[in-house]
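**Student:**
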Amino acid sequence: MPDFVQMPQLSDTMTEGTLIRWLVKVGDTVDVGDPLAEVETDKATMEMVAFDEGQIGAIYAEEGSKSPVGETLAVIIEEGEEVPEKPSNEATASTSNDSDNSRESEITASEEINSNETTYPNLSSNERVKASPLAKKIAKSKGIDLGIISGSGPGGRIVKKDLENVTSNSPKPSTLAPTNPTIHSLSEEDKKIPLSGMRSIIAQRLFESKTQIPHFYLNVEINAQPLMDLRKQANSAAGDGDNKLTVNDFILKAVANAAAAVPEVNATFSGDSIIQFGSVNLSVAIAVDDGLVTPVITKANQKSLLQISLAVKDLAQRARSKKLSPDEFSGGTITVSNLGAYGVDNFDAIINPPQAAILSIGSIKNTPVVSDEGNIVPGLIMKVGMSCDHRVIDGAVGAQYLGELKKRIENPASMLI
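At position 290 of the sequence shown the residue is numbered 295 (the numbering used here), and the sequence of numbers has no breaks.
(1) For Ser392 and Val80, I'd like the C-alpha separation in whole angstroms.
(2) Here's a check: name, in chain order, each residue in its chain whose Cβ is nearer than 6 Å to the Cβ of Gly337, leaving out the five neighbours to either side.
(3) Going by C-alpha to C-alpha distance, which of Gly69, Gln217, Ala66 sits closest to His2?
(4) Need the endpoints of the alpha helix (DSSP H) that Ser288 sits in, please.
(5) So, does the CB of Ser16 fall closer than 7 Å to a CB anywhere in chain D?
(6) Going along the chain, which residues of its own chain have a beta-carbon closer than 8 Å to the beta-carbon of Ile227, five neighbours each way excluded?
(7) Please list, in chain order, all residues of the same chain as Ser243 whose beta carbon is under 8 Å from its beta carbon, the five residues on each side excluded.
(8) Does the beta-carbon distance from Ile64 to Val35 come in below 7 Å?
(9) Return the Cβ separation of Asn224 and Ala264 in integer angstroms, given the expectation that the two are a contact with Cβ distance under 8 Å.
(10) Please name the residue, chosen from Pro417, Leu211, Pro199, Ile355, that lies closest to Asn343 on a Cα-to-Cα basis.
(11) Compute the beta-carbon to beta-carbon distance between Thr23 and Glu52, rounded to the nearest angstrom, for a pair I have assumed lies under 8 Å.
(12) Could you tell me which of Pro73, Leu320, Gln405, Thr20 sits nearest to Ala266, measuring between CA atoms?
(13) Roughly how many angstroms separate the alpha carbons of Ser155 and Asn351, rounded to a whole number?
(14) How do the stretch 47-61 and the stretch 320-338 stand: do at least 3 beta-carbon pairs fall below 8 Å, yes or no?
(15) Got a sec, what are the start and stop residues for the alpha helix (DSSP H) Gly367 sits in?
(16) Pull the bridge partners of Thr273 from the DSSP assignment, please.
(17) Could you work out which residue in Gly348, Arg325, Ala292 is closest to Val341 when comparing CA atoms only?
(18) For Ile366, tell me which candidate among Gln360, Asp353, Pro358, Val374 has the shortest Cα-Cα distance.
(19) When DSSP labels each residue in this structure, what does Ile414 get in the three-state scheme?
(20) Have a look at the DSSP bridge pairing and note the partners of Gln11.
(21) Compute the Euclidean distance between the alpha carbons of Glu90 and Phe9, then round it to the nearest angstrom.
(22) Between which two residues does the alpha helix (DSSP H) carrying Gln322 extend?
(23) Less than 6 Å between C-beta atoms, sequence neighbours within five positions excluded: which residues of the same chain meet that for Ala114?
(24) Taking C-alpha atoms, which residue in Asp247, Ala144, Glu84 lies nearest to Asp319?
(25) Can you list, in chain order, the residues of its chain whose CB lies under 6 Å from that of Lys370, leaving out five sequence neighbours each side?
(26) Looking only at DSSP bridge pairs, what is Ser70 linked to?
(27) Alpha carbon to alpha carbon, how far is Ser70 from Ile25?
(28) Would you decide whether Asn262 is buried or exposed? Buried here means 16 or more other CB atoms lie within 10 Å of its CB.
(29) Sorted by chain position, which residues of the same chain lie with C-beta nearer than 6 Å to Pro358's C-beta, five sequence neighbours on each side aside?
(30) Kindly indicate which three-state DSSP category Leu407 falls into: helix, strand or coil?
(31) Going by the beta-carbon positions, is the gap between Leu257 and Pro417 smaller than 7 Å?
(32) Short of 8 Å in beta carbon distance, which residues of its chain neighbour Gly68, apart from the five on each side in sequence? Order them along the chain.
(33) Can you list, in chain order, the residues of its chain with a C-beta nearer than 6 Å to that of Arg210? Leave out the 5 residues immediately preceding and following it.
(34) To which residues of the same chain is Leu310 closer than 8 Å at the C-beta, ignoring the five residues directly before and after it?
(35) Taking the beta strand (DSSP E) that Met391 falls in, what are its first and last residues?
(36) What is the C-beta distance between Ala361 and Val397, in whole angstroms, given that I count them as a contact (C-beta under 8 Å)?
Here it is, written out as structure tokens:
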């Protein structure tokens, strides 16, 4: 029986993928787990692997083409089997139901082995519910809210059979659509740049965040002199090697510890409730060639300063080479965006949904300050902004959090304990 290779959903936010290049050709023999192609998602470039063994009977998608999740890209056949025509999406879903059902157990088992992966409780969005890719596809097509479905798969995972005989009983939520301003005729000097998958998702998610989340903003000035002094001493003692600490390492540690001290900011809005998370999973904004990614340092409040330093260096390197896996982007509970290295004094960032807060870090500037003795002396000042979801965080809570953050950065030795 032919096994149709479909565009997989490699991340929670992925709706389509770009087939960068095929790693096989028609007639090649493949085994389960063999890489078939490189696929660019909204977050990274990853290999798509075979779920069956046999021969590549046909390749339907060209390199460089975009395909929605679930679109048929190729087919694997047994030796001597006739090559089928490319089916429609509906026919593909029907043909591959059995194999998808068997894969659900394999995927779930893999997820449960990965102890570092953090999944949110069932929120209002289908992307945050534990469900198989096929179940999500069916729910999307039928308009079913997966948040009201009880899963019968391993670990409560929603599978295809859970959606049988379920119909949509609620209207789809209305969303604002961005308006496209009228653009004058392009001249020869103008250049039209097609959106990459990553840039499309950034545009969609940040538009939704800015229009659907009630933002408010807080700012604070922090004396960075103690941090700079301690960092200099620590790096001098460390000598050569990979153990050099950056200013950002201290900031990430301070953000995580302060969020643990004020758990009201380490939270998300969930319809009729607010969910406070037990661990601080730190999303770190990292600029890459075609956009921005926010990989996650899990349980950052439980990690040492050195562990955070090594983790963020590893994530940044693999993010820029597009080697991160989907689970390394999921489960973040608060985000840090640092533009200080670019000379930006201060800025207000857009919240990374479904989180309730994002910290924006400016550069450290030589600034005249008043000493404890009342004298004007040189100082090193850093401005930090905080964008808050007002449904979750009130002004007083946000101010309390910034006070905890300021205390830790101005007394950095506390982060070494």
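Think of the CB as a built atom: it goes at the ideal place given N, C-alpha and C, for glycine as much as any other residue.
**Tutor:** The short version:
(1) 48 Å
(2) Asn286, Ser288, Val301
(3) In the structure as shown, the chain begins at 6 and stops at 422. Residue 2 is therefore absent and cannot be evaluated.
(4) Looking at the DSSP string, Ser288 is not in any alpha helix (DSSP H); the run it does join, the beta strand (DSSP E), is 287-289.
(5) Here there is only one protein chain, and chain D is not present.
(6) Ile386, Met387, Lys388, Val389, Leu410, Lys411, Ile414, Glu415
(7) Here residue 243 is Ala; the residue named in the question, Ser, does not match the sequence. Lys249, Leu250.
(8) no
(9) Incorrect: roughly 18 Å between the Cβ atoms, too far for contact.
(10) Relative to the Cα of Asn343, the nearest Cα in the group Pro417, Leu211, Pro199, Ile355 belongs to Ile355.
(11) Incorrect: roughly 14 Å between the Cβ atoms, too far for contact.
(12) Gln405
(13) 46 Å
(14) At 8 Å Cβ cutoff, the stretches touch.
(15) Premise fails: Gly367 lies in the beta strand (DSSP E), 362-375, not in any alpha helix (DSSP H).
(16) Ile280
(17) Ala292
(18) Asp353
(19) helix
(20) Gln11 is bridged to Thr77.
(21) 11 Å
(22) Judged by DSSP secondary structure, Gln322 falls within the alpha helix (DSSP H) whose first and last residues are 310-325.
(23) Confidence at Ala114 is low in this model, with a pLDDT of 35, below 50, so its placement is unreliable and the value that follows should be read with caution. Cβ within range, chain order: n/a, list empty.
(24) Asp247
(25) Ile386
(26) Per DSSP, none; premise fails for Ser70.
(27) One C-alpha to the other measures close to 8 Å.
(28) buried
(29) Ser214
(30) helix
(31) Against a cut-off of 7 Å, the Cβ pair of Pro417 and Leu257 comes out as no contact.
(32) Checking the sequence, you will find Glu at residue 68 rather than Gly. Excluding sequence neighbours, Glu68 sits near Leu24, Ile25, Arg26, Trp27.
(33) none
(34) Leu250, Asp254, Phe255, Lys258, Met420, Leu421
(35) 381-394
(36) Correct: roughly 4 Å between the Cβ atoms.
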